[in-house]
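Only one structure is covered here, and it is reproduced in the block below.
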């Protein structure tokens, strides 16, 4: 390999590292939001499985609900203002028939998104129960 080609590749790889470094620096403040989004979405998939999967043993449904609850709690650890994670966590608590925890979670979701009609509706149902 010629010295010119080697120098050119070194410059390109240095530029690539600079671009990657700048991208990470700019996106770093969003890491909590992105992590919360990922965990909330993973929990949603698990919760949907627990609720909707046909021909599944009750133990498997329980395990999926437990995993969903952990995912939502992890999402909230990353971003305590993730209203959708509170909403989903309330659904998990509802499955477990833990009404006080479900009420706290849905209350927090409704407080974080005062215009979210579904959160308000579910919160009202929880209070009426």
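In the numbering used here, the protein residues as written are 11 to 139. Ideal placement from N, C-alpha and C gives every residue a C-beta, glycine not left out. What you are looking at is a predicted structure, and each value in this text was computed from that prediction instead of being measured.
*Could you give the residue range of the alpha helix (DSSP H) that holds residue 99?*
The sequence position of residue 99 within the chain shown is 89, counting from 1. From DSSP, the alpha helix (DSSP H) with residue 99 extends over 93-105.
_Please identify the residue among 85, 32, 31 whose C-alpha is closest to the C-alpha of residue 42._
To locate residue 42, count along the chain shown from 1; it is residue 32. Among 85, 32, 31, the Cα nearest to that of residue 42 is on 85.
*If you check the beta carbons only, do residue 50 and residue 92 fall under 8 Å apart?*
Numbered from its first residue, the chain shown carries residue 50 at position 40. Numbered from its first residue, the chain shown carries residue 92 at position 82. Cβ distance < 8 Å, so residue 50 and residue 92 count as in contact.
*List the endpoints of the continuous alpha helix (DSSP H) containing residue 66.*
One-based indexing of the chain shown puts residue 66 at position 56. Per DSSP, residue 66 belongs to no alpha helix (DSSP H) and is neither H nor E.
_Beta-carbon within less than 6 Å of residue 130's beta-carbon, same chain only, minus the 5 sequence neighbours each way: which residues are those?_
Residue numbering aside, residue 130 sits at position 120 when the chain shown is read from its first letter. Counting only Cβ-Cβ distances below 6 Å, and skipping sequence neighbours, we find 120.
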